[in-house]
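One point on numbering: in our numbering, the residue at position 253 of the sequence shown is 743, and numbering is uninterrupted.
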Amino acid sequence: MSSTTTSSSSGLPYALERSVAISAVTRACSLTDKVFRNLVAADTITKKDKSPVTVGDYSAQAVVNTIIGSHFPTDPIVGEEDSKDLRKEEAKSLRDQIVQLANEALGDPAKECPSVQVLAEKWNSGDLSEEQLLSAIDRGNSEGGSKGRMWALDPIDGTKGFLRGGQYAVCLALIVDGEVQVGVMGCPNLPHDASSPKPKEGEFGAGAKRDDLGTLFITVKGQGAFSRPIFGSEVETRISMRSISNLGEASFCESVEAGHSSHGTNARIAELLGITSASVRMDSQAKYASIARGDGDVYLRLPVGDGSYQEKIWDHASGALLVAEAGGQVSDIRGRPLDFGQGRTLRNNKGVVAAKKEMHGQVIKAVGQALEEEGRGHL
Ligand SMILES: Nc1ncnc2c1ncn2[C@@H]1O[C@H](COP(=O)(O)O)[C@@H](OP(=O)(O)O)[C@H]1O
Ligand SMILES: [Mg+2]
Ligand SMILES: [Mg+2]
Ligand SMILES: [Mg+2]
Numbered sequence: 491m492s493s494t495t496t497s498s499s500s501g502l503p504y505a506l507e508r509s510v511a512i513s514a515v516t517r518a519c520s521l522t523d524k525v526f527r528n529l530v531a532a533d534t535i536t537k538k539d540k541s542p543v544t545v546g547d548y549s550a551q552a553v554v555n556t557i558i559g560s561h562f563p564t565d566p567i568v569g570e571e572d573s574k575d576l577r578k579e580e581a582k583s584l585r586d587q588i589v590q591l592a593n594e595a596l597g598d599p600a601k602e603c604p605s606v607q608v609l610a611e612k613w614n615s616g617d618l619s620e621e622q623l624l625s626a627i628d629r630g631n632s633e634g635g636s637k638g639r640m641w642a643l644d645p646i647d648g649t650k651g652f653l654r655g656g657q658y659a660v661c662l663a664l665i666v667d668g669e670v671q672v673g674v675m676g677c678p679n680l681p682h683d684a685s686s687p688k689p690k691e692g693e694f695g696a697g698a699k700r701d702d703l704g705t706l707f708i709t710v711k712g713q714g715a716f717s718r719p720i721f722g723s724e725v726e727t728r729i730s731m732r733s734i735s736n737l738g739e740a741s742f743c744e745s746v747e748a749g750h751s752s753h754g755t756n757a758r759i760a761e762l763l764g765i766t767s768a769s770v771r772m773d774s775q776a777k778y779a780s781i782a783r784g785d786g787d788v789y790l791r792l793p794v795g796d797g798s799y800q801e802k803i804w805d806h807a808s809g810a811l812l813v814a815e816a817g818g819q820v821s822d823i824r825g826r827p828l829d830f831g832q833g834r835t836l837r838n839n840k841g842v843v844a845a846k847k848e849m850h851g852q853v854i855k856a857v858g859q860a861l862e863e864e865g866r867g868h869l
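Listed below in structure tokens is the structure:
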């Protein structure tokens with residue numbers, strides 16, 4: 491497949507992909523936000539790997555894949571979810587909810603930019619059948635690879651955070667010949683302004699809706715990193731990583747889930763770097779977004795246990811480009827660039843380290859030392 495760039499009226503590379511991705515992620519976020527406020531235990535199932543998936547994850551994947559599929563019909567999509575469990579008899583009520591939620595989100599008369607409107611009528615009718623939506627979910631079954639165009643989609647990243655009432659993100663990226671070219675990430679619970687307090691988990695009860703929450707992050711390779719509210723104003727603001735004179739002033743972000751990133755190793759690395767402020771724990775790729783806009787400086791994701799877990803491309807594609815375009819460097823624990831051309835996982839990499847370009851080497855050195863001390867120097 492060719493690796494062509496589509497441009498539209500702005501003339502910039504990937505302008506159409508950028509607009510379509512913004513439209514898809516925005517519609518998915520309005521859906522997940524609705525589910526977030528009304529979710530009950532029955533709307534969740536446990537996957538074979540014991541991780542949770544909710545009606546929100548499935549519906550958001552159906553919406554994004556429908557939109558991408560109608561604008562770029564030959565582009566493969568590497569999406570996290572599939573419809574296998576949903577097709578079981580006992581999942582009937584989940585399927586019914588997905589049909590309703592996805593059609594509501596697709597049929598919403600919200601404005602699209604003109605270049606996206608051209609094809610919107612294909613999916614904008616709001617009455618796709620159950621089978622059309624399940625097939626849309628399964629459009630995400632691409633095996634990925636190093637050649638041609640493909641989209642990587644995490645319809646809800648941080649599902650555990652979503653269930654706890656914390657941060658989560660809808661993450662979509664375009665990868666061409668193994669390189670991320672476009673990244674769009676919607677963080678419905680992240681304040682527009684980095685200096686506003688982040689909501690506490692569970693703060694979202696009745697009447698607690700804050701209208702300063704919901705931030706969209708947008709990046710195209712070589713064009714910089716931007717943010718804007720998901721809902722309301724479409725004015726984009728350029729973002730960049732914070733300037734600090736030494737790593738001792740830094741603060742770092744890590745997963746809430748200790749099973750996803752080794753908190754103990756992270757703490758030792760912070761100590762080695764002279765970082766004294768407490769780590770900021772946050773679910774999802776909102777961590778990448780936070781450091782990209784200077785609300786933190788270093789993102790550490792150190793492998794747990796024997797390090798056999800392979801990171802998934804949809805957990806990192808949009809966030810990694812956002813940080814790189816905001817002045818950062820993103821690599822694995824050994825300083826190797828993340829290799830998005832290896833299929834559905836980052837099988838050539840272990841863990842993730844993201845920091846400002848000038849300080850990244852120092853962080854990698856401390857990571858090496860901490861792993862050595864733990865007897866995990868072979869990772
Ligand atoms: N053992 C493990 N190590 C690292 N990441 C893991 C993991 N098990 C699951 N994950 C991934 O961690 C993601 C969440 O990351 P975080 O902890 O930063 O919020 C999950 O995404 P989903 O929530 O989309 O399933 C899942 O893909
Ligand atoms: Mg998951
Ligand atoms: Mg994820
Ligand atoms: Mg997910």
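We put the beta carbon where it would ideally sit given N, CA and C, even for glycine.
Counterpart residues of residue i in DSSP-defined beta bridges
| i | result |
| --- | --- |
| R708 | A small correction: the amino acid at residue 708 is Ile; Arg does not occupy that position in the sequence shown. V674 and F716. |
| L664 | W641 and V672 |
| Y789 | C743 and A844 |
| P689 | Answer is none; P689 lacks a bridge partner. |
| Q819 | A845 |
| G535 | Per the sequence shown, residue 535 should be read as Ile rather than Gly. BP columns for I535 point to V543. |
Own chain, CB closer than 6 Å to residue i, minus 5 neighbours either side, in chain order
| i | result |
| --- | --- |
| I512 | V674 |
| V710 | Y504, R508 and V672 |
| Q819 | K847 and H850 |
| K524 | none |
| R872 | Summary: the structure shown does not reach residue 872, with the chain confined to residues 491 through 869, and so no result is reported for it. |
| G873 | No statement about residue 873 is possible, as the shown extent of the chain runs from 491 to 869 and does not include it. |
Residue span of the beta strand (DSSP E) that contains residue i, given as start and end
| i | result |
| --- | --- |
| D586 | Taken as a continuous stretch (DSSP letters only), D586 belongs to no beta strand (DSSP E), being part of the alpha helix (DSSP H) at K582 to G597. |
| G754 | Segment H753 to L762 is the alpha helix (DSSP H) holding G754; no beta strand (DSSP E) there. |
| I567 | I567 to G569 |
Closest Cα partner of residue i within the set the options
| i | options | result |
| --- | --- | --- |
| C743 | A532, Q859 and S767 | S767 |
| Q587 | L790, K540 and L521 | L521 |
| V666 | H682, G676, N679 and G635 | G635 |
| E815 | Q800, L502, F830 and I781 | I781 |
| L703 | G712, F716, G714 and G722 | G722 |
| Q852 | L680, G786, P599 and N736 | N736 |
| L596 | S625, R577, I557 and K574 | I557 |
| F707 | K688, Q832, P687 and D683 | D683 |
| G738 | E726, E724 and V788 | V788 |
| R577 | S625, K538, S685 and G559 | S625 |
Residue i vs residue j beta-carbon contact at 8 Å
| i | j | result |
| --- | --- | --- |
| A659 | G668 | no |
| A642 | A779 | no |
| V554 | R834 | no |
| D565 | R517 | no |
First through last residue of the alpha helix (DSSP H) which encompasses residue i
| i | result |
| --- | --- |
| V510 | A505 to N528 |
| Q622 | E620 to D628 |
| L653 | T649 to R654 |
Same chain, Cβ closer than 7 Å to residue i, neighbours up to 5 away in sequence not counted
| i | result |
| --- | --- |
| G697 | Interpretation of G697 is limited by its pLDDT of 44, a score under 50 that renders its predicted location unreliable; the figure taken from the coordinates is listed afterwards. Answer for G697: no residue qualifies. |
| E864 | T755 |
| L869 | P793, G797, I823, K840 and L861 |
| A550 | A518, L521, T522, P645, I646 and V660 |
Own chain, CB closer than 8 Å to residue i, minus 5 neighbours either side, in chain order
| i | result |
| --- | --- |
| V589 | L618, S619, E620 and L623 |
| A748 | V794 |
| L653 | L529, T534, P542 and T544 |
| I854 | S821, I823, R824, G825 and V843 |
| S717 | H682, T705, L706, F707, I708, E726, T727, I729, A779 and R783 |
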